[in-house]
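Number of protein chains: 2
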Amino acid sequence: RYFHFCKLPGRVMGIRLLRFTSVVIIVLLLVAGALTALLPNIKDDKLPNLRREPKPQSQSALDSFTLIMQTYNRTDLLLKLLNHYQAIPHLHKVIVVWNNIGEKTPEEMWNSLGPHPVPVVFKVQSVNRMRNRLQNFPELETKAVLMMDDDTLVSAHDLAFAFSVWQQFPEHIVGFVPRKHISTPSGVYSYGSFELQNPGFGNGDQYSMVLIGAAFFHSGYLEDFQRQPEAVYALIDETQNCDDIAMNFLVAKHTGKPSGVFVKPVDIRNLEKDTNSGYSGMWHRAEHLLQRSYCVNKLVNIYDGMPLKYSNIMISQFGFPNYANHKNKM
Amino acid sequence: RYFHFCKLPGRVMGIRLLRFTSVVIIVLLLVAGALTALLPNIKDDKLPNLRREPKPQSQSALDSFTLIMQTYNRTDLLLKLLNHYQAIPHLHKVIVVWNNIGEKTPEEMWNSLGPHPVPVVFKVQSVNRMRNRLQNFPELETKAVLMMDDDTLVSAHDLAFAFSVWQQFPEHIVGFVPRKHISTPSGVYSYGSFELQNPGFGNGDQYSMVLIGAAFFHSGYLEDFQRQPEAVYALIDETQNCDDIAMNFLVAKHTGKPSGVFVKPVDIRNLEKDTNSGYSGMWHRAEHLLQRSYCVNKLVNIYDGMPLKYSNIMISQFGFPNYANHKNKM
Numbered sequence: 001r002y003f004h005f006c007k008l009p010g011r012v013m014g015i016r017l018l019r020f021t022s023v024v025i026i027v028l029l030l031v032a033g034a035l036t037a038l039l040p041n042i043k044d045d046k047l048p049n050l051r052r053e054p055k056p057q058s059q060s061a062l063d064s065f066t067l068i069m070q071t072y073n074r075t076d077l078l079l080k081l082l083n084h085y086q087a088i089p090h091l092h093k094v095i096v097v098w099n100n101i102g103e104k105t106p107e108e109m110w111n112s113l114g115p116h117p118v119p120v121v122f123k124v125q126s127v128n129r130m131r132n133r134l135q136n137f138p139e140l141e142t143k144a145v146l147m148m149d150d151d152t153l154v155s156a157h158d159l160a161f162a163f164s165v166w167q168q169f170p171e172h173i174v175g176f177v178p179r180k181h182i183s184t185p186s187g188v189y190s191y192g193s194f195e196l197q198n199p200g201f202g203n204g205d206q207y208s209m210v211l212i213g214a215a216f217f218h219s220g221y222l223e224d225f226q227r228q229p230e231a232v233y234a235l236i237d238e239t240q241n242c243d244d245i246a247m248n249f250l251v252a253k254h255t256g257k258p259s260g261v262f263v264k265p266v267d268i269r270n271l272e273k274d275t276n277s278g279y280s281g282m283w284h285r286a287e288h289l290l291q292r293s294y295c296v297n298k299l300v301n302i303y304d305g306m307p308l309k310y311s312n313i314m315i316s317q318f319g320f321p322n323y324a325n326h327k328n329k330m
Numbered sequence: 001r002y003f004h005f006c007k008l009p010g011r012v013m014g015i016r017l018l019r020f021t022s023v024v025i026i027v028l029l030l031v032a033g034a035l036t037a038l039l040p041n042i043k044d045d046k047l048p049n050l051r052r053e054p055k056p057q058s059q060s061a062l063d064s065f066t067l068i069m070q071t072y073n074r075t076d077l078l079l080k081l082l083n084h085y086q087a088i089p090h091l092h093k094v095i096v097v098w099n100n101i102g103e104k105t106p107e108e109m110w111n112s113l114g115p116h117p118v119p120v121v122f123k124v125q126s127v128n129r130m131r132n133r134l135q136n137f138p139e140l141e142t143k144a145v146l147m148m149d150d151d152t153l154v155s156a157h158d159l160a161f162a163f164s165v166w167q168q169f170p171e172h173i174v175g176f177v178p179r180k181h182i183s184t185p186s187g188v189y190s191y192g193s194f195e196l197q198n199p200g201f202g203n204g205d206q207y208s209m210v211l212i213g214a215a216f217f218h219s220g221y222l223e224d225f226q227r228q229p230e231a232v233y234a235l236i237d238e239t240q241n242c243d244d245i246a247m248n249f250l251v252a253k254h255t256g257k258p259s260g261v262f263v264k265p266v267d268i269r270n271l272e273k274d275t276n277s278g279y280s281g282m283w284h285r286a287e288h289l290l291q292r293s294y295c296v297n298k299l300v301n302i303y304d305g306m307p308l309k310y311s312n313i314m315i316s317q318f319g320f321p322n323y324a325n326h327k328n329k330m
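Protein sequence lines correspond, in order, to chains A and B. Sequential numbering of the first sequence, starting at 1, is according to UniProt numbering. Sequential numbering of the second sequence, starting at 1, is according to UniProt numbering.
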């Protein structure tokens with residue numbers, strides 16, 4: 001908020017009033033300064049390589065996150081989820097990416113049901129594209145983005161913990177849905193989950209991607225996404241799929257490490273069966289998984305190599321929900 | 001293995017034989033060079049601050065660890081555990097710290113039962129001190145130390161995974177036994193585990209120490225330990241306890257972060273009831289836990305502040321032992 005100065009000539013107002021105004025201003029500045037000193041320490045931004053244009057750094061911009069939720073044909077689920085997500089701790093703002101082309105947003109109804117804990121912005125799109133959610137939105141003020149699908153409910157506890165984990169791994173995609181690729185003797189890659197063969201690095205399974213439909217990542221990656229080869233956008237538009245695989249390629253290439261850190265969710269639910277719209281989501285299409293394998297191979301061509309790396313680190317919250325969930329036989 | 005050269009004068013052997021020998025040597029060198037090119041990449045050492053004197057950097061020194069096991073009055077357990085631990089993947093060498101003063105080590109018997117997978121060194125001590133295991137042993141060639149109590153059995157799977165985790169967090173104590181301190185309104189600290197009140201940073205519990213009796217840490221910390229205030233050694237000697245708490249203080253002070261990373265063990269067992277010696281370990285002494293709270297407060301005095309920091313990160317292995325241990329309701 002900016003203070004308006006009434007620029008009245010000093011001679012008219014009088015020196016006395018000028019002096020009084022100056023004193024008030026000085027006192028207010030001192031109070032503001034004292035309040036600032038009481039704020040908790042700002043955490044360092046550990047990502048000098050992400051070239052985000054410098055914005056005024058408010059305290060909340062570093063210790064909070066922006067929820068970006070794209071929505072298509074499931075406004076009932078969207079509103080149900082917004083009621084939940086608007087109250088998550090450390091949430092700064094919600095950006096709803098409105099893919100219902102030509103349809104009015106529920107902004108009027110939203111405002112009539114205020115006040116709300118945080119601002120919610122409805123971004124009307126001109127074309128229904130999967131990659132609309134990966135724009136570098138000017139409304140985005142925080143370093144962290146939480147991206148959620150419009151049919152996914154994750155508990156506040158999970159989100160608060162995962163956000164704290166992201167703050168310790170800010171260059172990674174920190175989220176709840178792990179996936180992997182495997183290579184085959186022919187050199188062709190396949191995409192999948194636990195049902196696929198383990199990649200064969202010792203015991204157990206590995207993951208090489210964390211899906212962005214339920215994850216935290218650095219907002220700088222949205223900026224980086226705008227600078228990818230055209231073929232990437234063409235691929236995502238052709239399939240209306242794979243934007244998340246592309247983001248994992250981008251992050252892995254940037255860091256030279258596994259793109260994601262998997263946080264095991266305590267309570268994550270898919271609400272798509274609860275929708276009145278009858279629309280059940282892209283992943284039900286028959287060709288969905290085949291498309292994703294196709295995308296992995298195309299992206300390897302586009303990026304001239306396979307940048308994804310494997311990880312087998314699974315993070316849970318110590319002592320939650322069971323206060324002794326780390327107990328062992330010792 | 002080194003090749004012995006027979007240094008016979010050329011005139012006696014003949015120029016032809018010399019030439020043949022040279023060709024053989026060159027071919028062998030080329031083969032060795034080709035094999036080296038097939039070896040996996042050496043991981044970078046990420047700890048420039050730990051001032052360890054440069055030793056010849058062999059491949060194994062970076063990708064393997066040294067087991068340091070101190071033993072007192074439980075030789076039967078020691079030998080049972082050595083049979084297990086000598087075969088752990090990535091183990092470079094074992095250093096047994098022999099605290100049985102005046103008693104012969106089992107070295108003869110050990111050698112008679114060879115060959116063994118790795119070298120085992122018995123370090124005879126002159127005084128039975130808890131902190132004997134924290135010496136900067138000249139036999140130590142690896143960056144990583146695995147320290148185990150002589151009554152603790154951890155599965156090879158757990159150790160292989162925890163070692164890979166340590167390689168990603170080399171400045172932390174990566175281990176299987178988390179503990180915490182809590183502060184009280186009086187300013188006096190208390191030491192304990194899950195039975196103590198949560199420190200109160202959001203949901204769930206926190207830990208601020210990882211005990212070194214079942215953990216990996218960087219060998220540079222042994223060097224740092226030699227440079228601590230005399231009062232630290234006096235405290236450990238006075239209590240015959242708390243060397244692990246002191247190490248956590250040291251690491252936390254060095255990194256400014258939580259000292260430990262907790263890896264949840266799948267299979268960890270305490271074998272002390274299996275010993276024939278009747279000796280049941282220091283932690284059964286009535287004053288054991290009180291001593292440890294005492295140590296926390298003394299160390300805060302010695303270090304002029306509380307350097308320990310809390311963490312609630314609990315790491316497990318993705319897809320092991322249950323190949324779909326990350327599955328959720330989605």
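From the three backbone atoms N, C-alpha and C, an ideal C-beta is built for every residue, glycine too. Since the model is a prediction, treat every value here as computed from it, not as a measurement.
inquiry  = Is there a C-beta anywhere in chain A that falls below 8 Å from the one on residue 259 of chain B?
reply    = No - not a single Cβ of chain A is within 8 Å of the one on residue 259 of chain B.
task = Output the residue ranges of the alpha helix (DSSP H) runs that lie fully inside the region 152-194 of chain B and measure 4 residues or longer, sorted by chain position.
result = With a minimum length of 4 residues, the continuous alpha helix (DSSP H) runs that stay inside the region 152-194 of chain B are 156-168.
query = Can the beta-carbon of residue 145 of chain B be found closer than 8 Å to that of residue 75 of chain B?
reply = No, they are not a contact pair.
query = How big is the Cα-Cα spacing for residue 44 of chain B and residue 123 of chain A?
reply = Because residue 44 of chain B sits at a pLDDT of 41, beneath the cut-off of 50, its placement in the model cannot be relied upon, and the following sentence gives the value as read from the coordinates. Each residue's Cα considered, the two are about 45 Å apart.
key: Supposed close pair residue 258 of chain A, residue 208 of chain A - CB separation, criterion 8 Å   = The Cβ separation is near 7 Å, so the contact holds.
key: Proximal chain B residues relative to residue 183 of chain A, where beta-carbon distance stays under 8 Å   = Those do not exist, as residue 183 of chain A stays about 17 Å from chain B at its closest Cβ, beyond 8 Å.
query = Could you check where the beta strand (DSSP E) with residue 326 of chain B kicks off and where it finishes?
reply = Note, residue 326 of chain B: premise wrong, no beta strand (DSSP E); not H, not E.
request  = Return helix, strand or coil for residue 260 of chain B, following the three-state DSSP convention.
outcome  = Secondary structure at residue 260 of chain B: strand, using DSSP grouped into helix, strand and coil.
inquiry  = Three or more C-beta pairs under 8 Å: does that hold for the region 94-103 of chain A against the region 169-187 of chain A?
reply    = Contact between the region 94-103 of chain A and the region 169-187 of chain A is absent, with fewer than three C-beta pairs closer than 8 Å.
request  = Could you name the residues of chain A that residue 202 of chain B contacts, counting a contact when the two beta carbons are closer than 7 Å?
outcome  = Residues of chain A passing the Cβ test: 160.
request  = Give me the Cα-Cα distance between residue 101 of chain A and residue 71 of chain A, rounded to the nearest whole angstrom.
outcome  = One C-alpha to the other measures close to 11 Å.
ask   = Under three-state DSSP, which class holds residue 300 of chain B?
value = Helix at residue 300 of chain B.
request  = Give, in chain order, every residue of the region 304-327 of chain B whose Cβ lies closer than 8 Å to some Cβ of chain A.
outcome  = Answer set for the region 304-327 of chain B: 311, 312, 313, 314, 315, 316, 317, 318, 319, 320, 321, 323, 324, 325, 326 and 327.
task = For residue 326 of chain B, count neighbouring C-beta atoms within 10 Å of its own C-beta (all shown protein chains included) and say buried if the count is 16 or more, exposed if not.
result = Buried.
request  = Give the single residue among A/157, A/226 and A/203 whose Cα lies nearest to the Cα of residue 201 of chain B.
outcome  = Comparing alpha-carbon positions, the option among A/157, A/226 and A/203 lying closest to residue 201 of chain B turns out to be A/157.
ask   = Of the residues A/295, A/314 and A/310, which one's Cα is nearest the Cα of residue 322 of chain B?
value = Per the Cα distances, A/314.
task = Give me the Cα-Cα distance between residue 262 of chain B and residue 316 of chain B, rounded to the nearest whole angstrom.
result = Near 9 Å, if we compare the C-alpha coordinates of residue 316 of chain B and residue 262 of chain B.
message = Here's a check: name, in chain order, each residue in its chain whose Cβ is nearer than 7 Å to the Cβ of residue 318 of chain A, leaving out the five neighbours to either side.
response = If we look at residue 318 of chain A and ignore the five residues flanking it on each side, its Cβ neighbours are 326.
ask   = Taking 8 Å as the CB-CB cut-off, is residue 341 of chain A touching chain B?
value = With chain A represented from 1 up to 330, any question about residue 341 of chain A goes unanswered, as that position is not in the structure.
query = Can you give the Cα-Cα distance for residue 249 of chain B and residue 307 of chain B, rounded to whole angstroms?
reply = The alpha-carbon atoms of residue 249 of chain B and residue 307 of chain B are separated by roughly 6 Å.
message = Strictly below 8 Å CB to CB, what residues from chain B border residue 198 of chain A?
response = Under the 8 Å cutoff, chain B gives 319 and 323.
key: Three-way DSSP call (helix, strand, coil) for residue 31 of chain B in this model   = Reduced to three states, the DSSP call for residue 31 of chain B is helix.
request  = Could you tell me which of A/152, A/84 and A/25 sits nearest to residue 280 of chain A, measuring between CA atoms?
outcome  = Per the Cα distances, A/152.
query = Identify the residues that DSSP records as bridge partners of residue 269 of chain A: which are they?
reply = According to DSSP, which records beta bridges pairwise, residue 269 of chain A is partnered with A/153.
Any chain A beta carbon closer than 8 Å to residue 151 of chain B = By this cut-off, residue 151 of chain B is not an interface position.
query = If the cut is a Cβ gap below 7 Å, which residues of chain A does residue 264 of chain B touch?
reply = For residue 264 of chain B, the chain A residues whose C-beta falls within less than 7 Å of its own C-beta are 326, listed in chain order.
query = CB-CB under 8 Å to residue 119 of chain A, same chain, minus the five flanking residues each way: which ones, in chain order?
reply = Cβ within range, chain order: 93 and 94.
key: Residues of its chain near residue 276 of chain A, where Cβ-Cβ distance is below 7 Å and the 5 sequence neighbours each way are ignored   = Exclusion of the five residues before and after residue 276 of chain A leaves 76 as the residues of its chain whose Cβ lies within less than 7 Å of its Cβ.
message = Less than 8 Å between the beta carbons of residue 225 of chain A and residue 247 of chain A, yes or no?
response = Going by C-beta atoms, residue 225 of chain A is nearer than 8 Å to residue 247 of chain A.
query = To which residues of the same chain is residue 198 of chain A closer than 6 Å at the C-beta, ignoring the five residues directly before and after it?
reply = Closer than 6 Å at Cβ, skipping near neighbours: 205.
ask   = Alpha carbon to alpha carbon, what distance is there between residue 63 of chain B and residue 40 of chain B?
value = Confidence in residue 40 of chain B is poor, its pLDDT being 49 and thus under 50, which makes the residue's placement unreliable; the coordinate value appears in the next sentence. Their backbone Cα atoms lie some 10 Å apart in a straight line.
query = DSSP state of residue 144 of chain B, grouped into three classes?
reply = Residue 144 of chain B: strand per DSSP, three-state reduction.
inquiry  = On the CB-based measure, 16 or more other CB atoms within 10 Å of its CB, does residue 236 of chain A come out buried or exposed?
reply    = Here residue 236 of chain A is buried. Its C-beta has 16 or more other C-beta atoms within 10 Å.
query = Measuring CB to CB, does residue 244 of chain A end up less than 8 Å from residue 220 of chain A?
reply = The Cβ-Cβ distance between residue 244 of chain A and residue 220 of chain A does not fall below 8 Å.
query = Just reading off the alpha helix (DSSP H) that residue 75 of chain B is part of, what are its end residues?
reply = Unbroken alpha helix (DSSP H) run through residue 75 of chain B: 75-85.
query = For residue 163 of chain A, does the count of other Cβ atoms within 10 angstroms reach 16, so buried, or fall short, so exposed?
reply = Around the Cβ of residue 163 of chain A, a 10 Å sphere holds 16 or more other Cβ atoms; the residue is buried.
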